[in-house]
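Undergrad: Could you have a look at this structure, given as structure tokens, before my questions?
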Amino acid sequence: MNIQERIAVKLFSSDLPTLQSIEERYPQRVLPADAMVTRVAPSPTGFMHLGGLYAALISERLAHQSGGVFYIRIEDTDKKREVAGAAGTIVRKLRNYDLVIDEGPLPSGDEVGAYGPYTQSKRADLYHAHIRELYVQGRAYPCFCTVEELDEMRKLQELQRARFGYYGQWAKCRDRSEEKVLELLQSNTPYVMRFKSMGDFNKKITVADLLKGRRELSENDQDIVIMKSDGLPTYHFAHLIDDHYMRTTHIVRGDEWFSSLPLHLQLFELFGWTPPRYGHYAAIQKMDGTSKRKLSKRYDAEANVEYYTEVGYPRVAVLEYLLNLADSEFEEWRAAHQDTSYTEYVLRFERLASSAGGALFDLVKLESISKDVIANMRAQDVYECAVEWAREQSTAFARVLEDQSDYAIQSLSVERALDGKGRKDIAKWSDVPKEISYFFEPFTLTQDQIQLLKGISQDVLHGSIELFIKTYEDTDSKERWFEKVKEIAKTYGYAESQKELKTHQEQYKGYVADIVKIFRVLLTGRAQSPDLHAIMKVMGNERVFRRLKTGLDLL
RNA sequence: GGCCCGUUCGUCUAGUGGUUAGGACACUAGGUUUUCAUCCUAGUAACGGGGGUUCGAUUCCCCCACGGGCUACCA
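So the first sequence is numbered by our numbering: it starts at 1085 and just counts up by one.
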């Protein structure tokens, strides 16, 4: 055994699969010619960033609109950051987000798909087999530099105004003698494996980014770490092996990866593989005082996808908002196709490209989209979503909804057509309690609420309520009912319309709206509400009269 | 420090070597409505700065400013 072989024995397990056997294990996918295979690759930190959902959404759309495959892969090579149980959590969140996921882990821990395992920590042999191949070709080497040594190197580079990093003359372990390497290995010195780059920083490569277009970047000359001292690969290396064998065709990822694209391309070339097409988008920004910054996991609640679930934005509203950021033409399409699912919209890279700039997150716009989404839902569906939300976030309210489900649905039907098209006053499920609370018992009027009626004389208050009780019939049509209210108004010196009041201001104390306000306050406790006639129909005679009579006593 | 990416109304953006620089959200006003929410109409509001190239530049080039990213045994 020569010295190189002796080193290899120390470095690699003897039963690694051959590259050829791996290729055979993961055959080319049988798909239409222009079908895309895309993925979302979260780390199991328990946190799902809005940007991650954005990338997932775009990737999912690209795959499925082209007849391709969309899968999840868990990137858990950083054991320091990993949170126990987080992989299941993130898979559950993604799978609950109405995205169709063809392959990958299930919340249970099982997985579907023939290209697995879909969790990187279970693929160590694959990575090691390829690192061994690089080593044999002289394109990888063990590095024994300690963290302290690397820190010092960095300081020196700073001092000398040199580019930071492990390259050229700075790459101390690159040309270590084999005797020394073997000696260090035999004394069990910790090491990492580095890629021996053949790049020249002064040479440029041209890349065709899916979103940015053609760009020039310097070749990579950094001897990047491909395997850490714990034996797990770094992202750079792992994603490459995985995306190749999982037969990924298109990768949409954050801008933070753009700088390492030359490295990734270099590695693909080395193995003789066709790289997937990459597209890089800028992170979603947020206003902080007067300056913009990246939406931050640490400081911004809305960076966490969980936030939207807790506050209760419909999932589809969040997705449509993100689609809007991705492709502004979607907005026009949505206006023209109000009753169609967003999945009918076809994303195009030319349009996606414009989103590469880094959009500022706009909660107001999300609310607007969300109101439209909810306004287009049937009362029954609004009810079901509200209950689903309340079960997690507000159990008392959930109980009310569930105990009186028919009544609750009725209350949500006010000014809502049977097939949808309703009021736009609910933007999120947490708005529902305050929108319909007055329908439910116990209902009591506070002094503040009674104060809403100040300015109307006692005579008018008592007289009109009594007259109302005497004449109201729940079978009355809206028109018939309103005729009656107008009569009451006239009886007490109020105009029957605003127009009439404006023309003969001096003859009236007010107009019919002031009279309706009396009933509105006594029935709902507020000065503004949806159509009062519709509300009364839902409440029913008994409740209406009881509230009016109770109110009468308080005035 | 080095290297990259970016910059059109408040926000998301469309767009072009000659446009009244368009739309959406937000905002303001008016109209409809029993209040509110809708709905309808109208309005305010933008090409970061400086140099070039050009008959002409928001559009092409250079510089600057500003914002963002990378520069880890994190992804």
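For glycine and all other residues, C-beta sits at the position ideal for the given N, C-alpha and C.
Give the DSSP-derived three-state secondary structure of residue 1469 in the structure shown.
TA: Stepping through the first sequence from its first residue, residue 1469 is reached at position 385. Three-state DSSP puts residue 1469 in a helix.
Undergrad: Do the stretch 1604-1615 and the stretch 1477-1489 meet, that is, are 3 or more Cβ pairs less than 8 Å apart?
TA: The stretch 1604-1615 is not in contact with the stretch 1477-1489.
Undergrad: Can you name the residues that DSSP bridges to residue 1134?
TA: Along the first sequence, one-based indexing puts residue 1134 at 50. Paired residues: none, contrary to the question.
Undergrad: By how many angstroms is the C-alpha of residue 1452 removed from the C-alpha of residue 1511?
TA: Counted from its first residue, the first sequence places residue 1511 at position 427. Counted from its first residue, the first sequence places residue 1452 at position 368. Roughly 7 Å between the two C-alpha positions.
Undergrad: With distances taken Cα to Cα, identify the nearest neighbour of residue 1119 among 1154, 1103 and 1513.
TA: By 1-based counting over the first sequence, the position of residue 1119 is 35. Measuring from the Cα of residue 1119, the nearest candidate turns out to be 1154.
Undergrad: Judging by CA-CA distance, which residue of 1624, 1631, 1528 and 1612 is the nearest neighbour of residue 1550?
TA: Counted from its first residue, the first sequence places residue 1550 at position 466. Checking every option, the nearest Cα to that of residue 1550 belongs to 1631.
Undergrad: Is the separation between the beta-carbon of residue 1318 and that of residue 1325 shorter than 8 Å?
TA: Numbered from 1 along the first sequence, position 234 holds the residue referred to as residue 1318. Numbered from 1 along the first sequence, position 241 holds the residue referred to as residue 1325. Going by C-beta atoms, residue 1318 is not nearer than 8 Å to residue 1325.
Undergrad: Identify the residues that DSSP records as bridge partners of residue 1388: which are they?
TA: Position 304 of the first sequence, counted from the first residue, corresponds to residue 1388. Beta-bridge pairing links residue 1388 to 1133.
Undergrad: So, using beta-carbon positions, are residue 1595 and residue 1578 closer together than 8 Å?
TA: As a working note, residue 1595 is residue 511 in the first sequence. As a working note, residue 1578 is residue 494 in the first sequence. Going by C-beta atoms, residue 1595 is nearer than 8 Å to residue 1578.
Undergrad: DSSP puts residue 1302 in a beta bridge; with which residues?
TA: On the first sequence, position 218 is the one that residue 1302 refers to. Note: residue 1302 sits in a beta bridge opposite 1288.
Undergrad: In angstroms, rounded to a whole number, what distance separates the CA positions of residue 1334 and residue 1358?
TA: As a position in the first sequence, residue 1334 is number 250, starting the count at 1. As a position in the first sequence, residue 1358 is number 274, starting the count at 1. So the two alpha carbons sit approximately 12 Å from each other.
Undergrad: Take residue 1465 as the anchor and find which of 1321, 1142, 1492 and 1306 has the nearest alpha-carbon.
TA: Your numbering for residue 1465 matches position 381 in the first sequence. Here the closest residue by C-alpha is 1492.
Undergrad: Going straight from the alpha carbon of residue 1463 to that of residue 1172, what length do you get?
TA: One-based indexing of the first sequence puts residue 1463 at position 379. One-based indexing of the first sequence puts residue 1172 at position 88. Whole-angstrom Cα-Cα distance: 33 Å.
Undergrad: Given this structure, state the Cα-to-Cα distance separating residue 1449 from residue 1291, to the nearest angstrom.
TA: As a working note, residue 1449 is residue 365 in the first sequence. As a working note, residue 1291 is residue 207 in the first sequence. Roughly 35 Å between the two C-alpha positions.
Undergrad: CB-CB under 6 Å to residue 1169, same chain, minus the five flanking residues each way: which ones, in chain order?
TA: For this step, residue 1169 is matched to residue 85 along the first sequence. For residue 1169, where only same-chain residues beyond five positions count, there are no Cβ hits under 6 Å.
Undergrad: How should residue 1561 be labelled, buried or exposed, when 16 other C-beta atoms within 10 angstroms of its C-beta is the threshold for buried?
TA: For the purposes of this step, residue 1561 is taken as the residue at position 477 of the first sequence. Result: exposed.
Undergrad: Residues bridged to residue 1226 by DSSP?
TA: Position 142 of the first sequence holds residue 1226. Per DSSP, 1277.
Undergrad: Could you give the distance in angstroms between the alpha-carbon of residue 1294 and the alpha-carbon of residue 1202?
TA: As a working note, residue 1294 is residue 210 in the first sequence. As a working note, residue 1202 is residue 118 in the first sequence. So the alpha carbons of these two residues sit roughly 25 Å apart.
Undergrad: Comparing C-alpha positions only, which one of 1378, 1600, 1352 and 1091 sits nearest to residue 1565?
TA: As a working note, residue 1565 is residue 481 in the first sequence. Comparing Cα-Cα distances from residue 1565 to each of 1378, 1600, 1352 and 1091, the minimum goes to 1600.
Undergrad: Should residue 1096 and residue 1216 be called a contact, given that it needs their Cβ atoms to be closer than 8 Å?
TA: Start at 1 with the first residue of the first sequence, and residue 1096 comes out as number 12. Start at 1 with the first residue of the first sequence, and residue 1216 comes out as number 132. In this structure, residue 1216 lies closer than 8 Å to residue 1096 by Cβ.
Undergrad: Are there 16 or more other CB atoms within 10 angstroms of the CB of residue 1174, so buried, or fewer, so exposed?
TA: Position 90 of the first sequence, counted from the start, is the residue given in the question as residue 1174. Classification of residue 1174: buried, given that the 10 Å Cβ count is 16 or more.
Undergrad: On the premise that residue 1460 lies in contact with residue 1666, defined as a C-beta separation below 8 Å, what is that separation, rounded to the nearest angstrom?
TA: This structure does not reach residue 1666, given that the chain is present from 1085 up to 1639, and the question cannot be answered.
Undergrad: Nearest to residue 1572 by alpha carbon, out of 1546, 1583 and 1588?
TA: In the first sequence, residue 1572 corresponds to position 488, counting from 1. It is 1546 whose Cα lies nearest to the Cα of residue 1572.
Undergrad: Measuring only the C-alpha atoms, how far is residue 1205 from residue 1109?
TA: Along the first sequence, one-based indexing puts residue 1205 at 121. Along the first sequence, one-based indexing puts residue 1109 at 25. Their Cα atoms are separated by approximately 18 Å.
Undergrad: In or out: residue 1087 buried (at least 16 other Cβ within 10 Å) or exposed?
TA: Along the first sequence, read from residue 1 onward, the residue named residue 1087 stands at position 3. Exposed, because fewer than 16 other Cβ atoms sit within 10 Å of the Cβ of residue 1087.
Undergrad: So within the stretch 1306-1374, which uninterrupted alpha helix (DSSP H) runs reach at least 4 residues, ignoring any that extend past its ends?
TA: Here the runs fully enclosed are 1319-1329 and 1345-1355.
Undergrad: My output table needs one value for residue 1220: the three-state DSSP class, helix, strand or coil.
TA: Translated into the one-based positions of the first sequence, residue 1220 becomes position 136. Residue 1220 falls in the helix class under three-state DSSP.
Undergrad: With a Cβ-Cβ cutoff of 8 Å, do residue 1339 and residue 1320 count as a contact?
TA: If you number the first sequence from 1, residue 1339 lands on position 255. If you number the first sequence from 1, residue 1320 lands on position 236. For residue 1339 and residue 1320, no; Cβs fall outside 8 Å.
Undergrad: Mind reading off the beta-carbon distance from residue 1346 to residue 1289? Whole number of angstroms is fine, and I expect it under 8 Å.
TA: For this step, residue 1346 is matched to residue 262 along the first sequence. For this step, residue 1289 is matched to residue 205 along the first sequence. So it is a contact: roughly 6 Å between Cβ atoms.
Undergrad: So which of 1556, 1619, 1276 and 1434 has the shortest CA-CA distance to residue 1521?
TA: Within the first sequence, residue 1521 is the residue found at index 437, counting from 1. For residue 1521, the nearest C-alpha among the options comes from 1619.
Undergrad: In chain order, which continuous runs of the alpha helix (DSSP H) of length 4 or greater are located wholly inside the stretch 1590-1631?
TA: Segments of the alpha helix (DSSP H) lying fully in the stretch 1590-1631: 1596-1608 and 1616-1623.
Undergrad: Please return the same chain residues whose Cβ sits closer than 7 Å to the Cβ of residue 1664, not counting the five positions on each side in sequence.
TA: Residue 1664 falls outside the range modelled here, since the chain spans only 1085 to 1639, and no answer is possible.
Undergrad: From residue 1222 to residue 1472, what distance separates their C-alpha atoms?
TA: By one-based count along the first sequence, residue 1222 stands at place 138. By one-based count along the first sequence, residue 1472 stands at place 388. Rounded to the nearest angstrom, the two C-alpha atoms are 58 Å apart.
Undergrad: Just reading off the beta strand (DSSP E) that residue 1559 is part of, what are its end residues?
TA: Position 475 of the first sequence, counted from the start, is the residue given in the question as residue 1559. Taken as a continuous stretch (DSSP letters only), residue 1559 belongs to no beta strand (DSSP E), as it is neither H nor E.
Undergrad: Is the Cβ-Cβ distance between residue 1445 and residue 1390 less than 8 Å?
TA: Start at 1 with the first residue of the first sequence, and residue 1445 comes out as number 361. Start at 1 with the first residue of the first sequence, and residue 1390 comes out as number 306. No, the pair does not count as a contact, with Cβ atoms beyond the cut-off.
Undergrad: Look up residue 1444 in the DSSP assignment and say whether it is helix, strand or coil.
TA: Reading the first sequence from its first residue, position 360 is the one you call residue 1444. The answer is strand: DSSP assigns residue 1444 an E or B state.
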